[in-house]
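Mapping of the sequence shown onto our numbering: residues 54 to 435, in sequence order.
Backbone N, C-alpha and C fix where the C-beta goes; we use that ideal spot for every residue, glycine too.
First comes the structure, then the notes that go with it.
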Amino acid sequence: MKHFTKEEKITILSDMIAIKTINENEIEVANYLKDLFAKYGIDSKIVPVTETRVNLVAEIGSGSPVIGVSGHMDVVSPGDESEWTTDPFTLTERDGKLYGRGTNDMKAGLVNLALVMIELKENNELKNGTVRFMATTGEEVGGAGSKKLYEEGYMDDVDYLWVAEPSHDTIIYSHKGSLNLRVTSSGEAAHSSMPDQGYNAINPLMEYLLEVDEKLNGDDRKNKVLDKLVMSTTIFNAGNQVNSVPEKAVAEINVRTIPEFDNDEVIDLFNTTASIYNKKGSEIDVEVTMSLPSVFTSGQSEMVDLTKELGKKYLDLEISVKGSPGVTDASNLLRGKDENFPFMMFGPGETKMAHKTDEYVYKDYYFAFFDIYKELILGLSK
Numbered sequence: 054m055k056h057f058t059k060e061e062k063i064t065i066l067s068d069m070i071a072i073k074t075i076n077e078n079e080i081e082v083a084n085y086l087k088d089l090f091a092k093y094g095i096d097s098k099i100v101p102v103t104e105t106r107v108n109l110v111a112e113i114g115s116g117s118p119v120i121g122v123s124g125h126m127d128v129v130s131p132g133d134e135s136e137w138t139t140d141p142f143t144l145t146e147r148d149g150k151l152y153g154r155g156t157n158d159m160k161a162g163l164v165n166l167a168l169v170m171i172e173l174k175e176n177n178e179l180k181n182g183t184v185r186f187m188a189t190t191g192e193e194v195g196g197a198g199s200k201k202l203y204e205e206g207y208m209d210d211v212d213y214l215w216v217a218e219p220s221h222d223t224i225i226y227s228h229k230g231s232l233n234l235r236v237t238s239s240g241e242a243a244h245s246s247m248p249d250q251g252y253n254a255i256n257p258l259m260e261y262l263l264e265v266d267e268k269l270n271g272d273d274r275k276n277k278v279l280d281k282l283v284m285s286t287t288i289f290n291a292g293n294q295v296n297s298v299p300e301k302a303v304a305e306i307n308v309r310t311i312p313e314f315d316n317d318e319v320i321d322l323f324n325t326t327a328s329i330y331n332k333k334g335s336e337i338d339v340e341v342t343m344s345l346p347s348v349f350t351s352g353q354s355e356m357v358d359l360t361k362e363l364g365k366k367y368l369d370l371e372i373s374v375k376g377s378p379g380v381t382d383a384s385n386l387l388r389g390k391d392e393n394f395p396f397m398m399f400g401p402g403e404t405k406m407a408h409k410t411d412e413y414v415y416k417d418y419y420f421a422f423f424d425i426y427k428e429l430i431l432g433l434s435k
């Protein structure tokens with residue numbers, strides 16, 4: 054029989070936090086988990102995405118139902134480390150909280166999923182079905198890891214999916230998509246005293262961006278859960294000298310999409326509008342740098358109902374069920390699934406704590422989610 058002690062759970066989380074997977078190097082976490090699984094006789098597979106960026110997939114059990122559990126191994130930069138109270142890559146406990154980059158988003162959830170798998174296997178508790186553990190790379194920027202898992206068929210036979218992102222008091226069952234675009238305007242350099250001798254690349258780009266902004270943010274379509282599409286121009290670069298007319302201007306835009314106004318329609322609008330400008334003499338080019346579709350499910354499932362009960366039992370919280378403006382790996386993992394597919398995002402931590410200085414997860418919640426995940430798997434596999 055194997056029952057992880059609280060000390061073991063803290064040690065393993067501490068080891069994971071110490072591995073600096075700042076939008077890179079997830080292979081070290083994957084190898085750590087692979088070795089941990091192997092110690093208990095669980096086979097796992099490294100799924101390469103690049104030379105240093107990999108996914109890890111492990112399974113226990115056999116047959117149906119297939120319960121998919123997922124979390125990402127990368128973290129965002131800690132920023133200015135001098136602003137942290139303690140070293141961001143050393144797990145530190147203060148006042149009932151566990152501090153460190155990735156504690157909240159989302160290594161606490163990922164560790165719990167792995168340790169639950171081990172206990173279920175070691176104690177022969179999983180009598181029916183399969184649990185498929187999918188640790189992903191690159192979730193924070195682009196979702197390349199989850200895209201690879203979808204393309205290689207790891208979601209084809211999955212009956213349930215939950216992503217252990219931080220959201221301890223809310224089950225997220227739908228979320229917006231995320232689309233990144235880079236728009237480049239090309240002109241001709243000239244001295245600022247003779248602008249007519251060149252072509253200022255800034256002017257048509259500003260006009261273009263304002264027009265597209267009005268078309269997107271002014272659109273009245275709404276999703277009953279996710280509300281309206283939102284567009285934000287977040288980066289603008291042009292020029293290198295105050296007395297020179299710039300020959301190039303580049304803007305980057307993020308759009309949070311909804312099923313009623315999806316990624317393909319937004320991309321088409323950007324391109325169509327650019328074509329109109331180009332026919333008038335501008336030179337505007339549109340490049341899509343990331344496209345993750347929205348996730349829209351009904352939220353009506355045995356998994357959601359059972360999770361609400363377990364949240365009350367182990368957290369003493371009334372768990373709400375909502376949509377989210379954020380994005381998860383489910384954008385890729387759920388491609389091709391319909392709105393009745395049982396999906397949720399639910400994990401230790403708080404959404405508002407993600408990416409912050411002095412990131413933390415409540416110690417009690419970290420432990421409680423182990424019990425929630427274990428009982429949830431056993432309940433769904435009956």
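Short Cβ contact (9 Å threshold) for residue i with residue j
| i | j | result |
| --- | --- | --- |
| Thr-360 | Ile-311 | no |
| Val-211 | Ile-113 | no |
| Asn-316 | Ser-285 | no |
| Glu-371 | Gly-364 | yes |
| Ala-383 | Phe-399 | no |
| Arg-388 | Met-208 | yes |
| Gly-153 | Leu-144 | yes |
| Phe-90 | Ala-161 | no |
| Gly-182 | Asn-108 | no |
| Lys-301 | Ala-243 | no |
| Glu-77 | His-125 | no |
| Thr-190 | Arg-274 | no |
| Asn-70 | Gly-155 | Note that residue 70 is Ile in the sequence shown, not Asn. Result yes, Cβ atoms of Ile-70 and Gly-155 sit closer than 9 Å. |
| Val-414 | Pro-219 | yes |
Same chain, Cβ closer than 6 Å to residue i, neighbours up to 5 away in sequence not counted
| i | result |
| --- | --- |
| Phe-349 | Ser-227, Pro-312, Glu-392 |
| Val-236 | Ala-304, Val-339 |
| Leu-368 | Ala-421 |
| Val-283 | Arg-309 |
| Glu-336 | Ser-239 |
| Met-343 | Gly-195, Asn-233 |
| Ala-291 | Ile-255, Pro-299, Ala-302 |
Cross-strand partners of residue i (DSSP beta bridge)
| i | result |
| --- | --- |
| Ser-338 | What sits at residue 338 in the sequence shown is Asp, not Ser. Note: Asp-338 sits in a beta bridge opposite Thr-237. |
| Lys-301 | Ser-239 |
| Met-126 | Paired residue(s): none; Met-126 is not in a bridge. |
| Tyr-213 | Ile-120 |
| Lys-98 | Val-110 |
| Asn-290 | Val-303 |
Per-residue burial, residue i [other beta carbons within 10 Å of its own, 16 or more giving buried]
| i | result |
| --- | --- |
| Glu-403 | buried |
| Val-288 | Here residue 288 is Ile; the residue named in the question, Val, does not match the sequence. It counts as exposed. |
| Glu-204 | exposed |
| Glu-61 | exposed |
| Thr-64 | exposed |
Cβ distance (whole Å) where residue i is taken to contact residue j below 8 Å
| i | j | result |
| --- | --- | --- |
| Gly-100 | Lys-201 | Per the sequence shown, residue 100 should be read as Val rather than Gly. The Cβ separation is near 6 Å, so the contact holds. |
| Ser-245 | Asn-296 | 4 Å |
| Ile-171 | Lys-59 | About 15 Å separates the two Cβ atoms, so there is no contact after all. |
| Phe-186 | Val-122 | 6 Å |
CB contact below 9 Å: residue i versus chain C
| i | result |
| --- | --- |
| Asp-212 | Included in the structure is just one protein chain, with no chain C present. |
Own chain partners of residue i with C-beta closer than 8 Å, once the 5 adjacent residues on each side are dropped
| i | result |
| --- | --- |
| Val-357 | Ile-224, Tyr-226, Val-374, Pro-395, Met-397 |
| Lys-268 | Leu-322, Thr-326 |
Cβ shell of residue i (< 7 Å), same chain only, five flanking positions each side left out
| i | result |
| --- | --- |
| Thr-410 | Gly-132, Glu-136, Trp-137 |
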